[in-house]
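Accompanying notes for the structure given below.
There are 2 protein chains.
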Amino acid sequence: MTTPTVYEKLTARSREIALIGNASALLGWDQETYMPSKAVAYRAEQLSYLAGLSHQLSTSAEFGEWLAVAESEQSSWPADDERRANVREWRRDYDRATRTPADLVTELARVSALSREAWLAARQKSDYSHFQPWLDKIIALNKRQADCWGWTETPYNALLDAYEPGSNAADLTALFADLRQTLVNLLPAAMKRTGSVDPAKLRGDYPVEAQQKFNRAVAEAMGFDFEAGRIDPTTHPFCSGMGFGDCRLTTRYDEHDFTSSLFSIMHEAGHGLYEQGLRAEVYGTPLGGSVSLGIHESQSRLWENQIGRSRVFWEYWYPRACEFFPGLKERVSLDEFWTIINHVEPSYIRTESDEVTYNLHIILRFELEKALVEGTLAAADVPAAWNSRFKELFGIEVKTPNEGCLQDIHWSLGGLGYFPTYTLGNLNAAQLFRTALRQNAGLEQEIAQGRYTRLLAWLRQNIHQHGRRYLPDNLMKLATGEPTRAQYFGDYLRAKFS
Amino acid sequence: MTTPTVYEKLTARSREIALIGNASALLGWDQETYMPSKAVAYRAEQLSYLAGLSHQLSTSAEFGEWLAVAESEQSSWPADDERRANVREWRRDYDRATRTPADLVTELARVSALSREAWLAARQKSDYSHFQPWLDKIIALNKRQADCWGWTETPYNALLDAYEPGSNAADLTALFADLRQTLVNLLPAAMKRTGSVDPAKLRGDYPVEAQQKFNRAVAEAMGFDFEAGRIDPTTHPFCSGMGFGDCRLTTRYDEHDFTSSLFSIMHEAGHGLYEQGLRAEVYGTPLGGSVSLGIHESQSRLWENQIGRSRVFWEYWYPRACEFFPGLKERVSLDEFWTIINHVEPSYIRTESDEVTYNLHIILRFELEKALVEGTLAAADVPAAWNSRFKELFGIEVKTPNEGCLQDIHWSLGGLGYFPTYTLGNLNAAQLFRTALRQNAGLEQEIAQGRYTRLLAWLRQNIHQHGRRYLPDNLMKLATGEPTRAQYFGDYLRAKFS
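The listed protein sequences derive, respectively, from chains S and E.
First residue of the first sequence? That's 8 in this note's numbering, and the numbers climb one at a time after it.
First residue of the second sequence? That's 8 in this note's numbering, and the numbers climb one at a time after it.
Structure below.
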């Protein structure tokens, strides 16, 4: 046996950390799907133990020593050697992990758990004051975390960078200003264009079993590999990649509206196709991992919206849906169906909003959380700030905290800097799909025939196979010739709704 | 914070090892239930990694040091201090683990995996010669393992002791000689007593969903807590305790015979009630674990056979089964039903055999595997030895290896010394149930009314709550006044079948 190189040692350790992380992912998936209720306390102990073990391996001194040696050795590697990307990303992860003191890790975990409970209690009474002291703590801990990680311009940048490597608040502000103008200008036309059909017309009786079969048929057509994945019911839909050859989607069912579970499955299967497209031979290292939330979300949004809410998609699937769901044909025509699933109207709840107003919800959150981290907004003033900015953006009055600043779980879990990645996902999805269409003549005709092989191959080639080789903006440049821009999403919406 | 005592350190480490073992148990359960097929290779890596981690923690030098200190400290503990049992069992586990060299652990795992494949291939062709070289390897590795652990009288004792602490081949030989005589004497009468009804009369149409509902109703009546457990379908039934508050049963369904899944659920729920009866406050230490296979199997057999195949049990459940399964009433009367589920007849396959002949199957395996380990029987001679001994015990000729020495998976997995625990389970079940009946006047009437609360309480009190506090034979003495004897099982069968 030859002595392993430091690169091989780093690879082995990285795979070890992934094995543990994926065992935790199964424990987490099981908790949401099949775990009996009395197991909850023990499960929490297991997850906490494995998280500690993973943190210990990720921050060990030997890992740092191997990494330093690998960094000095890489001067002799070819400039385009993909191992350089692993070394860069191991450094990124190692620095972030080692710069966070153990007491801060523990405190963030503790406060997040309690804060989530406080948020739930606040929502039950629709009373923000229950949550406010916890939001104060969350903000303070996030600021401390940002200081540990280090930042330029604003501490918010350090938090953003955790979810979207290489992004920053200044770029996002410019991007979102551009986008907001587009959205606000487009809103009246989009409402007019989609306001002619009452969405209630679609409501009917859609048995869960028929929905499951239909969803599976669509996910299979998309290319989701059910020998390497599955779908189970949960309270909230999610996608969990939990090891090579194992990616699980979940959804919930509305027996009166089959599109609810379908769009969530198309969304989660979009995430799942990314996971299933990661390279086997580098699995467990950064090269075999997903690059950022904004790129991950681009995959889910592309399938859910660019494809799933398009007219051509339903040219193929509407007749099939009518076979799966007797009565659908009598309820709505293909035109009416398209109009309903694209209905645009300002509303209070982000997760129920349409393609136009969705991003206004995100812009609002981005502005507020940035101000909270920078200290220009106090937790106590969140409801007032939320409601007044909401009125400006949407033109309607927020009446209760539950339809306002208490609606999302993210802040209560300690996640500040996460929201913007949703909009990045939407912008990236439009930009990627536009490029795919331009580079693949006849792609739209294939979609009209229910065939997505070439589209998936293009995504595999341009996004999935790269893992974390390039930072998100560079990946977008390689795939589309430009970093993320608001332009193409605007073009898409204008073409769709004007 | 005060410094933890060595006993506290041992407890914490023991719980840590249990957390990992239980994470592995979930990974294993998931593999048999819901895991997508392409995940198999990665899952094997995860299980192997966690097994290595667990072994490392179990054999660490510091664990040995803490243990030595605890052993010297316990002279100052009260004689009945239950912590003494933990120290004794930690010592037992530590010695066994540290006496097994790493290369032997790896080799046993490797050979078992390959040997299982060879066994499957041999079965496909019903050709023993494919398996024989692997059995040779398994025997050699088991002998080496026995030598590492240390033994007196016969190396087989070291293997036995792994599954049934404190047992030995000489005692078992005497016990089984006694039992064999009883069984052989009883067989003709039992065949006559149950031969009057054709078991095929029971065959009908039993939808899986109705079986699931009926099984659940029975398991709930037994006291199995579905908030701390569940039932899922698998190829082979099993019970897996995977953490406090989480015990999962599995079964398979025969749509033409509902008793197949029912008895396997009563069996597995018997195991499950033991797991659910372990003490919370010592969970993860020996005091909170099950003591041996022979005691575990006594719980499953008590519920499956002593209760589930009794006439009084069906006085309550037969009318209910007739409601769950339309047509049952017309097919068989209660008397006929009882006769069919107790049908006695010599047959080739252990797992399909009746209460009388089952233990003859075990006696055969015990004799052969003991001879294999002692070197008085060569792997090459197994088919001949099997077939001739089978003829003596059952009076029928084995015609193919699949209905003879290739039928069980145990040896291929490296498990020599395991089989006798099945018969110990049967003997213990009869002995325990007899004592429970004597100590609880009116218990049988309760069973006739579908009530098992007092029976379960008696098992909790006399078996479950003790965990590994007493060695199996001592536990039997405490519960019944005697170590395991063949007498009571013989009495039970005579009363039932004469």
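Here a beta-carbon is modelled for each residue, glycine too, at the ideal position from N, C-alpha and C.
Beta bridge counterpart(s) of residue i as assigned by DSSP
i: S247 (chain S); result: S:R255
i: I238 (chain S); result: S:L256
CB contact flag (residue i, residue j, <9 angstroms)
i: S307 (chain S); j: W36 (chain S); result: no
i: N433 (chain E); j: Y365 (chain E); result: yes
i: L148 (chain S); j: L500 (chain S); result: no
i: G211 (chain S); j: H274 (chain S); result: no
i: A176 (chain S); j: L167 (chain S); result: yes
i: L466 (chain S); j: L439 (chain S); result: yes
i: L280 (chain S); j: F231 (chain S); result: yes
i: R351 (chain E); j: A197 (chain E); result: It is Val, not Arg, that sits at residue 351 (chain E) in the sequence shown. Result yes, Cβ atoms of V351 (chain E) and A197 (chain E) sit closer than 9 angstroms.
i: L186 (chain S); j: I370 (chain S); result: yes
i: V118 (chain E); j: G421 (chain E); result: yes
i: N469 (chain E); j: A486 (chain E); result: yes
i: L269 (chain S); j: V225 (chain S); result: yes
i: E80 (chain S); j: V13 (chain S); result: yes
i: R95 (chain E); j: V298 (chain E); result: no
i: T346 (chain S); j: S136 (chain S); result: no
i: Y459 (chain S); j: E451 (chain S); result: no
i: A25 (chain E); j: G291 (chain E); result: yes
Member of the options whose CA lies at the smallest distance from the CA of residue i
i: W126 (chain S); options: S:E374, S:L413 and S:A443; result: S:L413
i: D480 (chain S); options: S:K406, S:V405 and S:S305; result: S:S305
i: Y49 (chain E); options: S:R187, S:L33, S:M42 and S:A58; result: S:L33
i: E241 (chain E); options: E:E234, E:R318 and E:D261; result: Looking at the sequence itself, residue 241 (chain E) is Thr, so the reference to Glu does not match. If we check each option's Cα against that of T241 (chain E), E:D261 comes out closest.
i: L54 (chain S); options: S:S31, S:V47 and S:Y41; result: S:S31
i: I416 (chain E); options: E:G474, E:G277, E:D185 and E:F138; result: E:F138
i: L194 (chain E); options: E:E362, E:R492 and E:R441; result: E:E362
i: L379 (chain E); options: E:S354, E:W393 and E:K208; result: E:W393
i: G173 (chain S); options: S:P490, S:I348 and S:R151; result: S:P490
i: T407 (chain S); options: S:A19, S:Q131, S:A25 and S:G28; result: S:Q131
i: R259 (chain S); options: S:H278, S:Q218 and S:L294; result: S:Q218
i: G497 (chain S); options: S:A436, S:I470, S:R461 and S:V298; result: S:A436
i: P162 (chain E); options: E:V225, E:S122, E:E376 and E:A129; result: E:E376
i: A77 (chain S); options: S:A92, S:S67 and S:D87; result: S:A92
i: D342 (chain E); options: E:P206, E:S21, E:L115 and E:L179; result: E:P206
i: E399 (chain E); options: E:L367, E:P427, E:H471 and E:R316; result: E:L367
i: F179 (chain E); options: E:A464, E:R445 and E:Y429; result: The question names Phe, but residue 179 (chain E) in the sequence shown is Leu. Looking at the Cα atoms, E:Y429 is the closest of the given residues.
i: N312 (chain E); options: E:I348, E:G236, E:A86 and E:W158; result: E:I348
i: I2 (chain E); options: E:L423, E:C254 and E:F245; result: Outside the shown range of chain E, which is 8 to 505, sits residue 2 (chain E), and nothing can be said about it.
i: P326 (chain S); options: S:L57, S:E359, S:F344 and S:W310; result: S:F344
i: G315 (chain S); options: S:G382, S:A455, S:E282 and S:A19; result: S:A455
i: R357 (chain S); options: S:W97, S:I403 and S:G411; result: S:G411
heavy atom of the ligand MG below 8 angstroms from residue i C-beta
i: Q218 (chain S); result: The ligand MG is not among the ligands present in this structure, which contains no ligands whatsoever.
Counting only Cβ-Cβ distances shorter than 9 angstroms, please list the residues of the segment 12 to 28 of chain E near chain S, keeping chain order.
R22, E23, L26 and I27
Chain S contacts from the segment 232 to 250 of chain E (Cβ-Cβ distance under 9 angstroms)
D232, F233, E234, A235, G236, R237, D239, M249 and G250
Is there contact between the segment 67 to 86 of chain E and the segment 276 to 290 of chain E, where contact requires at least three CB pairs shorter than 8 angstroms?
no
What are the residues in the segment 44 to 56 of chain S lying within 8 angstroms of chain E by C-beta distance?
S44, K45, A46, V47, A48, Y49, R50, E52, Q53 and Y56
Is it true that the segment 37 to 46 of chain S meets the segment 61 to 68 of chain E, where meeting means three or more beta-carbon pairs spaced less than 8 angstroms apart?
no
Quick one: which residues of the segment 30 to 41 of chain E get their C-beta closer than 7 angstroms to a C-beta of chain S? List them in chain order.
A30, L33, L34, D37 and Y41
Using a Cβ-Cβ cut-off of less than 7 angstroms, give me the residues of the segment 289 to 309 of chain E that come near chain S, in sequence order.
none
What are the residues of the segment 253 to 285 of chain E that lie near chain S, defined by any Cβ-Cβ distance shorter than 9 angstroms?
D253, C254 and R255
Should the segment 375 to 392 of chain S be called in touch with the segment 132 to 145 of chain S, which here means at least 3 C-beta pairs below 8 angstroms?
yes
Any 3 or more C-beta pairs closer than 8 angstroms across the segment 213 to 229 of chain E and the segment 330 to 343 of chain E
yes
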